[in-house]
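**Student:**
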Amino acid sequence: MDLLLIPNDRDFDDAWPTLSYQAFVNKAGCSDAEVPFECLQAADTVVLQDASARVSTSANYGQWGFIPVTDGKLIRKRPTQQLAVDRNVNGLRILTGNNENEAPGFTPQNVTTEEQFIDFVLTNYPRLSEQNISSILELYAVPEDVSPIYADSDGVTPPFSTTNSNWAIGWQQAANNLYAEATFVCSSYWLADAFAGSRRKSSWKYQFSVPPSSHGADVSPLLTDPKIQGTGMDEVFRTAFQQTWGNFIVKGDPTLSTAQASTAGQGNITAATTGKWLQWGGQPGRDFMLNLNMTGGMPVTTPRQVGGSVVNITSYVPSSGGSYPELEATFNLVPGWQWEGGRGQRCQLWVELGQWAFE
């Protein structure tokens, strides 16, 4: 599983899913029907598609009108409780990952002050108290002397993704990162946690960090021909990435064999090999994950439309004439808890806020 999306988990009969369903019934022309659900079943598919689109676009920015809900049967508890606390799951093993910049496309790009940041948080999580907000600011606040550099964090040295990225800086990046962690990244941590710490279960985790590393950027190198030329990922990276998933599916273990690593011929990918890529242990000091990245290449800037704003995103492509270092796959084993200036602590905060934030 690449990652688990947790936009905002609610009980099935909570006010928001109920209102969304009622709005859907109304826009489909079934509000006056004796049995609205039967009316929906008989409605034309185009009518239903239009009604669904109208309800979905009325949700908060970057979200949907219909999202997973906790019904007590199929989804028994909110994910923070089921995965991070109870760690009660079916299955024996998991490979889970996240991308470095998951949330620019899901976050309004008009957050420039602390007040706007708080407003963004409360818009998405309206049940949070003042004390909850204070706890969030302790871990997500932006210092006055924030770096003006638009560049992705290496996860180890500041500035971290809490304040700086390829996509934004300051409070805007704080909002991007908060929503990324609360919705995508921490859920990957919790999935890994749920399968860790047991002799019967196995857990591996990675982060996809190749610029621009936005949501879904890992799909193409995973599913397309590894020999594609002219992109920010060479054949070594693409082949190794595909082999980790192939190994996991076929053998139940994503680590690369010595033969697979040797066949690559170049690149620094030994961290992904058997004995090097350690399992995720589910606690600080044992939460090892593989960081998948590239080094070198020629920087190119591409304007990207994000939430009505244009952001110039830097990525790297092969250069000619030797004017830039060659692109090289670079895999490293890193500590998940300490990553990005203490991501484990921030994910733990969302576990503690789960009853207010995700219900």
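Okay, so the sequence shown: first residue is 1 according to the UniProt record's numbering, each after it adds one.
We treat Cβ as the ideally placed atom computed from N, Cα and C, and that holds for glycine.
Remember, it's a predicted structure, so these values are computed and weren't measured experimentally.
Quick check: the region 169-178 against the region 114-133, are there 3 or more CB pairs under 8 angstroms?
**Tutor:** Yes, the region 169-178 is in contact with the region 114-133.
**Student:** Does DSSP put Y179 in a helix, a strand or coil?
**Tutor:** Residue state, collapsed to three classes: helix.
**Student:** Find the nearest neighbour of S213 within the set V55, G322, S315, judged by alpha-carbon distance.
**Tutor:** Ranking the options by Cα distance to S213, first place goes to S315.
**Student:** What's the gap between the Cα of S31 and the Cα of K77?
**Tutor:** Cα to Cα, the separation comes out at about 31 angstroms.
**Student:** With a Cβ-Cβ cutoff of 8 angstroms, do R200 and L92 count as a contact?
**Tutor:** In this structure, L92 lies closer than 8 angstroms to R200 by Cβ.
**Student:** Counting Cβ pairs, one atom from each stretch, are 3 or more of them under 8 angstroms apart for the region 342-359 and the region 249-266?
**Tutor:** No: fewer than three Cβ pairs fall under 8 angstroms.
**Student:** Hey, which unbroken runs of the beta strand (DSSP E) at 3 residues or more fall wholly within the region 296-323?
**Tutor:** Qualifying beta strand (DSSP E) stretches, in chain order: 298-306, 309-317.
**Student:** Looking only at its own chain, which residues have a Cβ that is under 7 angstroms from the Cβ of L347, when we skip the five neighbours before and after it?
**Tutor:** The question names Leu, yet the displayed sequence has Cys at residue 347. Excluding sequence neighbours, C347 sits near E181, C186, Y189.
**Student:** What does DSSP give as the partner residue(s) for E328 in the beta ladder?
**Tutor:** Beta-bridge pairing links E328 to T295.
**Student:** How close, in whole Å, do the beta carbons of T96 and K205 come, if the pair is a contact with beta carbons under 8 angstroms?
**Tutor:** Yes, T96 and K205 are in contact; Cβ-Cβ is about 6 angstroms, under 8 angstroms.
**Student:** Rounded to a whole number of angstroms, what is the C-alpha to C-alpha distance between S135 and N99?
**Tutor:** Straight-line Cα distance between these residues: approximately 25 angstroms.
**Student:** Leaving aside the five residues before and after G282 along the sequence, list all residues of the same chain whose C-beta is less than 6 angstroms from its C-beta, in chain order.
**Tutor:** These residues qualify, in order along the chain: D193, A196, G197.
**Student:** Of the residues R304, Q81, T255, S262, which one's Cα is nearest the Cα of L290?
**Tutor:** When each option's Cα is compared against that of L290, the closest is T255.
**Student:** So what does DSSP say about P335, is it helix, strand or coil?
**Tutor:** Looking at P335 - three-state DSSP - the assignment turns out to be strand.
**Student:** Count the other CB atoms within 10 Å of the CB of A217; is the residue buried (16 or more) or exposed (fewer)?
**Tutor:** Buried: at least 16 other Cβ atoms inside 10 Å.
**Student:** Cutting at 6 angstroms between CB atoms, please list the residues of its own chain near V47, excluding the five before and the five after it.
**Tutor:** Closer than 6 angstroms at Cβ, skipping near neighbours: A28.
**Student:** Our contact map puts W356 next to N177 with C-beta atoms below 8 angstroms; I'd like the distance itself, whole angstroms only.
**Tutor:** Not confirmed; about 20 angstroms, so no contact.
**Student:** Could you check which residue in D287, L327, S161, I67 has the C-alpha nearest to that of P335?
**Tutor:** The residue with the shortest Cα to Cα distance from P335 is D287.
**Student:** In this structure, what does DSSP give as the bridge partners for Q207?
**Tutor:** N98, N291.
**Student:** Locate the alpha helix (DSSP H) running through S56, then write down its first and last residues.
**Tutor:** S56 -> alpha helix (DSSP H) spans 45-56.
**Student:** Find the nearest neighbour of G308 within the set A175, Q41, Y61, judged by alpha-carbon distance.
**Tutor:** Taking only the C-alpha atoms, the option nearest G308 is Y61.
**Student:** Verify whether the separation of the beta carbon atoms of N293 and T244 is less than 8 angstroms.
**Tutor:** No, Cβ-Cβ distance for N293 and T244 is not below 8 angstroms.
**Student:** I need the boundaries of the alpha helix (DSSP H) containing I169, first residue and last residue.
**Tutor:** Premise fails: I169 is in no alpha helix (DSSP H) and is neither H nor E.
**Student:** Let me make sure I understand the geometry here. Which of T231, A51, I269 has the alpha-carbon closest to that of A240?
**Tutor:** Checking every option, the nearest Cα to that of A240 belongs to I269.
**Student:** Is the beta carbon of F24 less than 8 angstroms from the beta carbon of T70?
**Tutor:** Taking 8 angstroms as the Cβ cut-off, F24 and T70 do not qualify as a contacting pair.
**Student:** What span of residues does the alpha helix (DSSP H) with K251 cover, start to end?
**Tutor:** Per DSSP, K251 belongs to the alpha helix (DSSP H) from 235-251.
**Student:** By how many angstroms is the C-alpha of L353 removed from the C-alpha of V300?
**Tutor:** For V300 and L353, the distance between alpha carbons rounds to 40 angstroms.
**Student:** Tell me whether S153 sits in a helix, a strand or coil according to DSSP, three-state version.
**Tutor:** Here S153 sits in coil by DSSP.
**Student:** For E102, is the classification buried or exposed, using 16 other Cβ atoms within 10 angstroms of its Cβ as the cut-off for buried?
**Tutor:** Burial call: buried.
**Student:** Consult DSSP for residue 365 and reduce its assignment to one of helix, strand or coil.
**Tutor:** For residue 365 there is no data in the structure shown, the boundaries of the chain being 1 and 359.
**Student:** Could you spell out where the alpha helix (DSSP H) holding I133 opens and where it closes?
**Tutor:** I133 -> alpha helix (DSSP H) spans 130-140.
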